[in-house]
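The opening position of the sequence shown corresponds to residue 9 in the working numbering, with each subsequent residue numbered one higher.
The beta carbon of each residue, even a glycine, is placed where N, CA and C say it ideally should be.
Predicted, not measured: the structure shown is a model, and the values here were computed from it.
Below is one structure, written out as structure tokens; comments come after it.
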Amino acid sequence: MLILGIESTCDETSASVVENGKKVLSNIISSQVNEHLRWKGVVPELASRLHLEKIIPVIDEAVKISRVKLEEIDLFASANRPGLIGGLLIGVSTAKSLAWKLNKPFIAINHIEAHLYSPHLENDIKFPYIGLLASGGHTLIIYADSFIKYEVLGTTIDDAVGEAFDKVAKFFDLGYPGGPAVEKAALSGDEKTFDFPISNLYKSHRIYDMSYSGLKTAVIHHLKKFLKKDLYTVNDIAASFQKRAFDVLIKKVISACKNFNINNIVVAGGVAANNYLREQFYKLEGYNIFFPSLKFSTDNGAMIAGYAYHKYKETGGDDLSIGVSSRVLGYKSSLNT
Ligand code: KG4
Ligand code: ZN
Numbered sequence: 009m010l011i012l013g014i015e016s017t018c019d020e021t022s023a024s025v026v027e028n029g030k031k032v033l034s035n036i037i038s039s040q041v042n043e044h045l046r047w048k049g050v051v052p053e054l055a056s057r058l059h060l061e062k063i064i065p066v067i068d069e070a071v072k073i074s075r076v077k078l079e080e081i082d083l084f085a086s087a088n089r090p091g092l093i094g095g096l097l098i099g100v101s102t103a104k105s106l107a108w109k110l111n112k113p114f115i116a117i118n119h120i121e122a123h124l125y126s127p128h129l130e131n132d133i134k135f136p137y138i139g140l141l142a143s144g145g146h147t148l149i150i151y152a153d154s155f156i157k158y159e160v161l162g163t164t165i166d167d168a169v170g171e172a173f174d175k176v177a178k179f180f181d182l183g184y185p186g187g188p189a190v191e192k193a194a195l196s197g198d199e200k201t202f203d204f205p206i207s208n209l210y211k212s213h214r215i216y217d218m219s220y221s222g223l224k225t226a227v228i229h230h231l232k233k234f235l236k237k238d239l240y241t242v243n244d245i246a247a248s249f250q251k252r253a254f255d256v257l258i259k260k261v262i263s264a265c266k267n268f269n270i271n272n273i274v275v276a277g278g279v280a281a282n283n284y285l286r287e288q289f290y291k292l293e294g295y296n297i298f299f300p301s302l303k304f305s306t307d308n309g310a311m312i313a314g315y316a317y318h319k320y321k322e323t324g325g326d327d328l329s330i331g332v333s334s335r336v337l338g339y340k341s342s343l344n345t
């Protein structure tokens, strides 16, 4: 089955043709990073305009590279939540129009579920597993029974981990986008310079939840309070922040693995591009760790098309009247409901 997947939830316009959920025939990504650079963050209205400009050329290119004719596509998929409304509308309307014109089915995809699918594009991963999704808008830990059936064990109760990276980078002028800028600065920093606090929620019903607003505030506003040495550089701040931000995630994932007696771990989302995070996970003994390769870590159409294959097999396509949403719905037990 040939699927065209469109991703336009934030600041990347991407289209990809994937065969049977696995064989990536093309994956074109047009990044808006340079256009948002001077504001050091994504400007939603600008993002919408750029998606509008790029969506057709990006789809054309994806189809051309795949060497498949548009008429041969069996299913059109686009992320319809969560994300910036303008971008979502452009991706979804384009996919729906193609499906309607070519008399093929359309399916709306949850962008978060697609991220968690991304390591499956290149690995055969056995269920069940514990999944960690860490992106700019979301941070959550799931227990996955199948591609479709999973339970959300915990989420951030305030900022997403990627968002904390972005804000720390912006405050200290480390560069844009924030995640890779912090990672780069941290390379020449000493992670033991600051003992930043990280809120480790402990009540029994939220043992897998996390919070990043306290860490972000400590790093930005109360730096001196947590200093352990006299002298420091901005690289030391980046390294200490990065360590604390990831320590808690790793700890919670391992605790979920132990409680559910599971040794397969899937890590996905833009933050999964971070090498330090990868190293910390790969160091763990007794676990099978799966990350997407770098090109499938940040937003991309291949994860949308890949996940659409399994979703479509389970649920069939969506009515063309289906809408878009800036939020993940049904947050607590499943992202589907
Ligand atoms: O998944 P993604 O591309 O878009 C969303 O769905 O949000 O994730 C983007 C997020 C941003 O917050 C970005 O700073 C973060 O992922 N990110 C990183 C790295 N690369 C991207 N965070 C830490 N280290 C990185 N190397
Ligand atoms: Zn994403």
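- Within a 10 Å sphere around the beta-carbon of Tyr290 sit fewer than 16 other beta-carbons, which makes this residue exposed.
- Under the rule that a run must span 4 or more residues, the alpha helix (DSSP H) segments found entirely inside the stretch 84-161 read 93-110 and 119-125.
- In its chain, beyond the 5 residues on either side, Ile149, Gly162, Tyr216 and Met218 have a beta carbon closer than 7 Å to the beta carbon of Lys260.
- It is roughly 29 Å from the alpha-carbon of Glu43 to the alpha-carbon of His229.
- Shown here for Ser207: same chain residues with a beta carbon closer than 6 Å to its own, the five before and five after excluded, namely Ser219 and Gly222 in chain order.
- If you look at Ile63, you'll find it in the alpha helix (DSSP H) that goes Pro52 to Ser74.
- The beta carbons of Ala264 and Ile138 sit about 5 Å from each other, so the pair counts as a contact at 8 Å.
- The Cβ neighbour count for Tyr125, taken over all protein chains shown within 10 Å, is at least 16; the residue is labelled buried.
- Apart from the 5 residues on each side of it in sequence, Glu20 sits with its Cβ closer than 8 Å to the Cβ of Ile37, Ser38, Ser39, Gln40, Thr306, Asp307 and Asn308 in its chain, given in chain order.
- Per the C-alpha coordinates, the member of Leu209, Gly197 and Val256 positioned closest to Lys237 is Gly197.
- In this structure, the ligand ZN has a non-hydrogen atom nearer than 7 Å to the beta-carbon of His119.
- Here Ser16 has His59, Gly95, Ile98 and Gly99 as same chain residues with Cβ atoms under 6 Å from its own Cβ, once five neighbours each way along the sequence are excluded.
- Three or more beta-carbon pairs drawn from the stretch 25-33 and the stretch 69-80 are found closer than 8 Å, and the two stretches are therefore classed as touching.
- Between Ala316 and Pro300, the CB-CB gap reaches or exceeds 8 Å.
- Taking the Cα positions, Arg46 is about 12 Å away from Asp181.
- If the five residues before and after Glu199 are omitted, its C-beta is found closer than 6 Å to the C-beta atoms of Ala247, Ser248 and Lys251, all from its own chain and listed in chain order.
- Within the stretch 265-298, the runs of alpha helix (DSSP H) at least 4 residues long that lie entirely inside it are, in chain order, 283-290.
- Burial state of Gly186 is buried, judged by a 10 Å Cβ sphere holding 16 or more other Cβ atoms.
- With a beta-carbon spacing of about 18 Å, Val332 and Ser143 fall beyond the 8 Å limit used to define contacts.
- Close to the ligand ZN, as judged by a C-beta nearer than 5 Å to any of its heavy atoms, are the residues Ser143 and Asp307, in chain order.
- Where Thr225 is concerned, there is no enclosing beta strand (DSSP E), although the alpha helix (DSSP H) around it starts and stops at Ser221 to His229.
- Ranked by how close their Cα comes to the Cα of Asp68, the residues Gly49, Leu12 and Ala116 have Leu12 in first place.
- For Glu15, the enclosing beta strand (DSSP E) covers residues Leu10 to Glu15.
- Under DSSP, Met218 takes part in a beta bridge, and its partners are Thr164.
- Distance from the C-beta of His128 to the nearest heavy atom of the ligand KG4 is not below 7 Å.
- The secondary-structure analysis by DSSP pairs Leu328 with nothing; it has no beta-bridge partner.
- Distance from the CA of Asn111 to the CA of Val160, rounded to the nearest whole angstrom, comes to 36 Å.
- Among the bridge pairs identified by DSSP, Leu239 is matched with none.
- In this structure, the CA atom of Asn28 is about 54 Å from the CA atom of Lys232.
- Only buried fits Arg89, as 16 or more other CB atoms lie within 10 angstroms of its CB.
- DSSP places Glu20 in the strand class (E or B) of the three-state scheme.
- Only residues of its own chain outside the window of five on either side were considered, and among them Leu209, Arg214, Asp217, Met218 and Ser219 have a CB closer than 8 Å to the CB of Ile165, listed in chain order.
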